[in-house]
Amino acid sequence: MTEIDLLEKYEPVLRFAKSERFFPMAVEPYLEKCSIFPSGPQGVVEAFAHLQEPMPSRIGKLKSEQFYLRFVNKPLNDSDAWLWWAALSIIGVAGGWFLAGLSGVEAIIAISLVVAITIFIFASPIRLRIIPAAFAALFFIALEIAPVWFFLRPSEYVSIQVEYLILLPLYLIVLFYLSVRTMKFILERVVPEGPGMVMDMLSQATEKIAQESFLEYSKILEKDPQPVYYGRVVFEQDVEKNRWTILQYHYFYAFNDWRLAANGINHHEGDWEMVAVYLKNDQPYAVLFSQHGAGNIEKWETVNKAVDKFEKMTSHPIVYVALGSHANYSKPEAIRSPSMYKPGRLQRLLFWIDGVIHYLFLLFNPNQKARQIALNELQVQKSHFLTEEALMNMRDEADHYVVSLPLELATGDGFRLGFQGNNLREGVVKSSSYLKRFVSDRKTIRPKKKEWRRVLLNPEPDWVQYKGLWGVKSILNDESGPPGPKWDRPRKKQLGVNERIRWGRPLDWLAELEKNTR
Numbered sequence: 008m009t010e011i012d013l014l015e016k017y018e019p020v021l022r023f024a025k026s027e028r029f030f031p032m033a034v035e036p037y038l039e040k041c042s043i044f045p046s047g048p049q050g051v052v053e054a055f056a057h058l059q060e061p062m063p064s065r066i067g068k069l070k071s072e073q074f075y076l077r078f079v080n081k082p083l084n085d086s087d088a089w090l091w092w093a094a095l096s097i098i099g100v101a102g103g104w105f106l107a108g109l110s111g112v113e114a115i116i117a118i119s120l121v122v123a124i125t126i127f128i129f130a131s132p133i134r135l136r137i138i139p140a141a142f143a144a145l146f147f148i149a150l151e152i153a154p155v156w157f158f159l160r161p162s163e164y165v166s167i168q169v170e171y172l173i174l175l176p177l178y179l180i181v182l183f184y185l186s187v188r189t190m191k192f193i194l195e196r197v198v199p200e201g202p203g204m205v206m207d208m209l210s211q212a213t214e215k216i217a218q219e220s221f222l223e224y225s226k227i228l229e230k231d232p233q234p235v236y237y238g239r240v241v242f243e244q245d246v247e248k249n250r251w252t253i254l255q256y257h258y259f260y261a262f263n264d265w266r267l268a269a270n271g272i273n274h275h276e277g278d279w280e281m282v283a284v285y286l287k288n289d290q291p292y293a294v295l296f297s298q299h300g301a302g303n304i305e306k307w308e309t310v311n312k313a314v315d316k317f318e319k320m321t322s323h324p325i326v327y328v329a330l331g332s333h334a335n336y337s338k339p340e341a342i343r344s345p346s347m348y349k350p351g352r353l354q355r356l357l358f359w360i361d362g363v364i365h366y367l368f369l370l371f372n373p374n375q376k377a378r379q380i381a382l383n384e385l386q387v388q389k390s391h392f393l394t395e396e397a398l399m400n401m402r403d404e405a406d407h408y409v410v411s412l413p414l415e416l417a418t419g420d421g422f423r424l425g426f427q428g429n430n431l432r433e434g435v436v437k438s439s440s441y442l443k444r445f446v447s448d449r450k451t452i453r454p455k456k457k458e459w460r461r462v463l464l465n466p467e468p469d470w471v472q473y474k475g476l477w478g479v480k481s482i483l484n485d486e487s488g489p490p491g492p493k494w495d496r497p498r499k500k501q502l503g504v505n506e507r508i509r510w511g512r513p514l515d516w517l518a519e520l521e522k523n524t525r
């Protein structure tokens, strides 16, 4: 049996969440759209040496790890729109003064401010979703405050008795109602965006970049509609003379939009993930899954496998790919922070503050159902009711999570990729049970083909040797693009980079994961 036959026999079936926007793709179209930049002095020297060479072939000749790729290259500040706005505003002010004097100038300035706000909403690289919600909240607040002037000045048409004994109580009732609705709106649409907005301000992979990456990926998908995995077969022998065959399936995604898709920890351009099937003495032994730079293991006997149309079990393990982050799981599940992995302290603090604000609002809410959610948590958790663990299970009456802690959604209720059999026998979870509808129903574009195009990494293509980042470098490690399938992430004060353990020493990776699951 050839290597490609082995890979095809055990190739995984990938099940994605409903609102997933990025799927495994060929690296060449991605590289053709990328620009490459040096991130250190050695990178600068090499960049000049290979300046005239075309992009796809250039990266394989770079020896240093001091490089990063940029997938979205066009400017995102829409400077032309701001220049036109400034010029037309000046002309408008002059024309308004000439035609209507001061009132004309005031009208033009008001129109100019509305146009400026509109441009900012569409041009801002920082957390687009918060802007319309914030302006809507300000509008509600203005509606509440505006009638106050009525009670602060005498009226010729309404007596003081009617004004203060009838109109004022009615106004206070309406004001109270609008205040509660406004706070609810702010807490549902504005506050949950706070952690992400702060992360976007520190990141090189903002929400606007995520949206632009989706558009660029959609264009690639129109020309190259078939998903791709990069297969690698490794033969090893352990100290007990057991023969091991390791089948590695490497998947490349154009973007990780975990924060936008499921309020996750990070965003970054480029994303390399892997599933590996281990055969021991030619018999399936285990499946290993990449997850956030680490991994997990499932013994072959307990792995979910696809069945054919005759209800016969196949050798294709089912892998559930998490929404946005593309981490791989062996069963459909929704995992809440802090159960996934340990992000930075800043990230955890931001999401904890978001959770506490939600909790306090529920606790003092006039709505009995909302209050009951908080009171139930208080009874269960008691002295630990403000910990992140206590906040992570709070849900509303529609079974959505109330607190917007990071969420890993490996639900499998969306696009299915790989061997086609009796797909209805495979377990799934509804994404809409965990995400609000406006998030779970977002626009997606899926590959037109559900069958794999298999590319063997033997011999290794030139791009495998590229040691730099497959996305923009950020001051936040989790917001930077990942290294390629062969290399570890560059570390501070370290010369060069090391091979990934799962690439160069796959049996050590197996032993490490087995030790962690004991």
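Residue numbers for the sequence shown follow our numbering, so the first one is 8 and each next one is one higher. Virtual Cβ for every residue (Gly too), placed ideally from N, Cα, C.
Burial state of L517 (16 or more Cβ within 10 Å): Here the question's residue 517 lines up with position 510 in the sequence shown. Label assigned to L517: buried.
Is DSSP giving T125 helix, strand or coil here? For the purposes of this step, residue 125 is taken as residue 118 along the sequence shown, with counting starting at 1. In the structure shown, T125 falls within a helical segment according to DSSP collapsed to helix, strand and coil.
Which value, in whole angstroms, describes the spacing of the CA atoms of N270 and I325? In the sequence shown, residue 270 corresponds to position 263, counting from 1. In the sequence shown, residue 325 corresponds to position 318, counting from 1. Rounded to the nearest angstrom, the two C-alpha atoms are 25 Å apart.
CB contact flag (A56, S481, <9 Å): Here residue 56 refers to the residue found at position 49 of the sequence shown. Here residue 481 refers to the residue found at position 474 of the sequence shown. Taking 9 Å as the cut-off, the Cβ atoms of A56 and S481 do not count as close.
Pairs of beta-carbons, one from the stretch 8 to 18 and one from the stretch 429 to 439, closer than 8 Å: are there three or more? By the criterion of at least three beta-carbon pairs nearer than 8 Å, the stretch 8 to 18 is not in contact with the stretch 429 to 439.
Three-state secondary structure assigned by DSSP to E280: Reading the sequence shown from its first residue, position 273 is the one you call residue 280. DSSP places E280 in the strand class (E or B) of the three-state scheme.
Closest to A93 by C-alpha separation, out of I126, N505 and G238, would be which residue? The sequence position of residue 93 within the sequence shown is 86, counting from 1. Looking at the Cα atoms, I126 is the closest of the given residues.
Once DSSP output is grouped into helix, strand and coil, what is the label at Y336? As a working mapping, residue 336 is identified with position 329 in the sequence shown. DSSP places Y336 within a strand segment (E or B) once states are collapsed to three.
Beta carbon of D12: closer than 8 Å to some heavy atom of the ligand MG? Among the components modelled here there is no ligand, and therefore nothing to report on the ligand MG.
With burial defined as no fewer than 16 other Cβ atoms inside 10 Å of the residue's Cβ, what is the status of R432: buried or exposed? Along the sequence shown, read from residue 1 onward, the residue named residue 432 stands at position 425. Around the Cβ of R432, a 10 Å sphere holds fewer than 16 other Cβ atoms; the residue is exposed.
Threshold first: 3 residues or longer. Then list the beta strand (DSSP E) segments lying entirely within the stretch 262 to 314, N to C. Within the stretch 262 to 314, the complete beta strand (DSSP E) runs of at least 3 residues are 275 to 287, 290 to 298, 301 to 306 and 312 to 314.
Rounded C-alpha distance that separates V284 from D420: Your numbering for residue 284 matches position 277 in the sequence shown. Your numbering for residue 420 matches position 413 in the sequence shown. Each residue's alpha carbon lies about 24 Å from the other.
With a Cβ-Cβ cutoff of 9 Å, do I253 and V235 count as a contact? Residue mapping note: residue 253 aligns to position 246 of the sequence shown, counting from 1. Residue mapping note: residue 235 aligns to position 228 of the sequence shown, counting from 1. Taking 9 Å as the cut-off, the beta carbon of I253 is found no closer than this to the beta carbon of V235.
Check whether the Cβ atoms of W477 and G277 sit closer than 9 Å, and answer yes or no. Here residue 477 corresponds to residue number 470 of the sequence shown, with the count starting at 1. Here residue 277 corresponds to residue number 270 of the sequence shown, with the count starting at 1. G277 is positioned such that its CB atom lies closer than 9 Å to that of W477.
For N273, count the other beta carbons within 10 Å of its own beta carbon; 16 or more makes it buried, fewer makes it exposed. Which is it? For this step, residue 273 is matched to residue 266 along the sequence shown. Burial call: buried.
Measuring straight from C-alpha to C-alpha, what distance separates N80 and L295? The residue given as residue 80 occupies position 73 in the sequence shown. The residue given as residue 295 occupies position 288 in the sequence shown. In a straight line, the C-alpha of N80 is about 35 Å away from that of L295.
What are the start and end residues of the alpha helix (DSSP H) that includes Q244? Mapped onto the sequence shown, residue 244 falls at position 237. Note, Q244: premise wrong, no alpha helix (DSSP H); beta strand (DSSP E) at V235 to Q244.
Taking Y441 as the reference, give the member of I452, Y237 and L414 with the closest Cα. The residue labelled residue 441 in the question sits at position 434 within the sequence shown. When each option's Cα is compared against that of Y441, the closest is L414.
Between V462 and Y237, which are expected to be in contact by the criterion C-beta below 8 Å, what is the C-beta distance as a whole number of angstroms? The residue labelled residue 462 in the question sits at position 455 within the sequence shown. The residue labelled residue 237 in the question sits at position 230 within the sequence shown. Right, the Cβ-Cβ distance comes to about 5 Å (below 8 Å), so this counts as a contact.
In angstroms with no decimal places, state the Cα-to-Cα distance between Q73 and A149. By one-based count along the sequence shown, residue 73 stands at place 66. By one-based count along the sequence shown, residue 149 stands at place 142. Q73 and A149 have their alpha carbons spaced roughly 52 Å apart.
Determine the extent of the alpha helix (DSSP H) in which F23 is found, giving its start and end residues. Taking the first residue of the sequence shown as position 1, residue 23 is located at position 16. Looking at the DSSP string, F23 is not in any alpha helix (DSSP H); the run it does join, the beta strand (DSSP E), is V20 to F23.
If you run the structure through DSSP and keep just helix, strand and coil, what is F74? As a first step, residue 74 must be located in the sequence shown, where it is residue number 67. In the structure shown, F74 sits in a strand (DSSP, three-state: E or B).
Per-residue DSSP class, three states only, for Y473: If you number the sequence shown from 1, residue 473 lands on position 466. Here Y473 sits in coil by DSSP.
Since R136 and T451 should fall inside the 8 Å C-beta cutoff, what is the C-beta to C-beta distance between them, to a whole number of angstroms? Position 129 of the sequence shown, counting from 1, holds the residue named residue 136. Position 444 of the sequence shown, counting from 1, holds the residue named residue 451. That pair is no contact at about 17 Å.
Name the DSSP bridge partner or partners of E415? Counting from 1 along the sequence shown, the entry for residue 415 is found at position 408. Answer by DSSP bridge pairing, in chain order: I342.
Would you list, in sequence order, the uninterrupted beta strand (DSSP E) runs of no fewer than 3 residues that lie entirely inside the stretch 429 to 509? Whole beta strand (DSSP E) segments, 3+ residues: 460 to 463.
Would you kindly work out how many angstroms separate the C-alpha atoms of L286 and A144, rounded to a whole number? Here residue 286 is taken as the residue at index 279 of the sequence shown, counted from 1. Here residue 144 is taken as the residue at index 137 of the sequence shown, counted from 1. Cα to Cα, L286 sits roughly 58 Å from A144.
Which same chain residues, not among the five before or five after P339, have their C-beta less than 7 Å away from its C-beta? As a first step, residue 339 is located in the sequence shown; it is residue number 332 there, counting from the start. Y327, A417, T418, G419, G434, V435 and V436.
Given this structure, state the Cα-to-Cα distance separating V246 from D515, to the nearest angstrom. As a working mapping, residue 246 is identified with position 239 in the sequence shown. As a working mapping, residue 515 is identified with position 508 in the sequence shown. When rounded, the distance between both Cα atoms is 12 Å.
Whole-angstrom distance between K455 and Q233, CA atom to CA atom: Locating residue 233 in the sequence shown gives position 226, where the first residue counts as 1. Locating residue 455 in the sequence shown gives position 448, where the first residue counts as 1. Answer to the nearest angstrom: the Cα atoms are 7 Å apart.
Considering only DSSP beta bridges, list what W89 is partnered with. As a working note, residue 89 is residue 82 in the sequence shown. Answer is none; W89 lacks a bridge partner.
Spatial neighbours of S186 within its chain, please: CB distance less than 7 Å, with the 5 preceding and 5 following residues excluded, ordered by chain position. In the sequence shown, residue 186 corresponds to position 179, counting from 1. Correct list, in chain order: E151.
Do you know how far the Cα of L369 is from the Cα of E60? Within the sequence shown, the letter at position 53 stands for residue 60. Within the sequence shown, the letter at position 362 stands for residue 369. Straight-line spacing of the CA atoms in E60 and L369 works out to 60 Å.
Going by alpha carbons, who is nearest to G362 out of H257, G488, N288 and E195? Locating residue 362 in the sequence shown gives position 355, where the first residue counts as 1. That would be E195, whose Cα lies nearest to the Cα of G362.
Output needed for A140: all residues of its chain with C-beta closer than 6 Å, excluding positions within five of it in sequence on either side, in chain order. For the purposes of this step, residue 140 is identified with residue 133 of the sequence shown, where counting begins at 1. Excluding positions up to five away in sequence, the list reads R196 and V197.
What does the alpha-carbon distance come out to for the pair V169 and L175? In the sequence shown, the residue the question calls residue 169 occupies position 162. In the sequence shown, the residue the question calls residue 175 occupies position 168. Their backbone Cα atoms lie some 8 Å apart in a straight line.
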